[in-house]
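Take a look at the structure below.
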Amino acid sequence: MIVAEQKPVAEILRMIEGYRKILVVGCGTCVTVCMAGGEKEAGILASLIRMAWAREGRLGPLIDVSETTVERQCEWEFLQEISEKVAASDAVLSMGCGAGVQAMARMFEGKVILPALNTKFIGMPERQGLWTELCAGCGDCVLDRTGGICPIARCSKSLLNGPCGGSQNGKCEVSKDIDCAWQLIFDRMKSLGRLEALGAMLPPKDWSKNRDGGPRKVVREDMLL
Ligand code: SF4
Ligand code: SF4
C-alpha cells in the first residue's frame with residue numbers, strides 16, 4: 099500500500115487562502131487504511147477548516163466547506179462520480195496520494211487541486227499506529243536474491259552488497275532504532291539454508307528502470323485497446 103500522512107493544518111489553511119468554496123475529497127483505498135485521507139479524515143479536516151474559518155468570521159452563505167470520498171482517486175471512473183461537486187467548488191483539497199492529486203488535476207482541467215497529504219512510501223502497517231517502508235519502486239526487483247527483504251528501501255545506504263561495516267548488534271549505524279537490513283537478510287538466508295547464495299556479489303543494478311528516462315510506464319500489450 100501507499101503510505102501517506104496529513105500535512106499540518108496550518109499549511110493546509112495557507113494553501114486554501116482566498117478560496118470560498120472548498121471540497122475536501124477523501125480516498126477509500128490506501129490512505130484509508132493508513133488513516134491519513136479516508137472518509138473519516140476528510141470529515142475531520144473539513145470540520146477543522148470550518149472551525150478555523152468561523153473563528154476568522156469567514157463562514158457565510160457564499161462560503162462553504164464540504165467533503166466527499168471516492169473509492170479510488172487514481173481511477174477515472176470513480177472521479178467521474180464527483181464531477182458535479184468538483185464543478186461547484188473553487189478549489190479541491192485532495193486527501194489522496196500524489197497519484198490521486200494528479201489524476202484529479204488531469205480529470206478536472208481548470209480546477210485548482212491541492213494536496214492535503216504528504217505521500218511517503220510503499221509499505222505496510224507494522225502494528226497499530228506504525229507503518230514502515232518496504233519497497234522503493236526501483237523497477238528491478240532483487241528480492242529473490244535477498245531472502246525477500248529489500249536492500250534498497252530498508253538499508254539506510256541502499257547497499258546491494260552489505261552490510262556496510264557499521265552494523266552493531268543487528269542495528270543500523272544510522273540509528274539503533276533501525277534494524278540493519280543486511281543483518282535481516284543474513285538471518286533470513288540462513289534460516290532458508292541459502293547462505294551460500296550471499297557469497298555471490300550482486301551486480302550493479304539496472305537503474306535505467308528507476309528514474310532514468312523520466313516517468314515510468316507499465317505496458318501490458320495483451321490488454322491494450
Ligand atoms: S528491490 Fe526494488 S522493486 Fe524490489 S522491493 Fe526493493 S525497491 Fe521494491
Ligand atoms: S548498518 Fe546495515 S542497514 Fe545500516 S547502512 Fe549499514 S548495511 Fe545498511
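If you count the sequence shown from 1, you need to add 98 to reach the numbering used here.
Don't be surprised by glycine CBs; every beta carbon is placed ideally from N, CA and C.
Because the structure is a prediction, the values reported are computed rather than measured.
- Around ligand 2, the residues selected by a Cβ distance under 6 Å to any of its heavy atoms are C253, S254, K255, L257, G260, P261, C262, G264, S265, C270, E271, V272, C278, A279, W280, following chain order.
- With 6 Å as the limit, the residues whose C-beta approaches any heavy atom of ligand 1 more closely are C233, A234, G235, C236, C239, V240, L241, C248, I250, A251, in sequence along the chain.
- Exclusion of the five residues before and after T130 leaves G136 as the residues of its chain whose Cβ lies within less than 6 Å of its Cβ.
- Distance from R170 to T127 at the Cβ level is roughly 5 Å; contact confirmed, criterion being Cβ atoms closer than 8 Å.
- Boundaries of the alpha helix (DSSP H) around L111: 107 to 113.
- The C-alpha of Q200 is placed about 20 Å away from the C-alpha of N308.
- Apart from the 5 residues on each side of it in sequence, I110 sits with its Cβ closer than 6 Å to the Cβ of A214 in its chain, given in chain order.
- A straight line joining the alpha-carbon of A144 with that of M99 spans about 25 Å.
- For the pair W174 and M205, the Cα-to-Cα distance works out to about 7 Å.
- Collapsing the DSSP output to three states places D242 in a helix.
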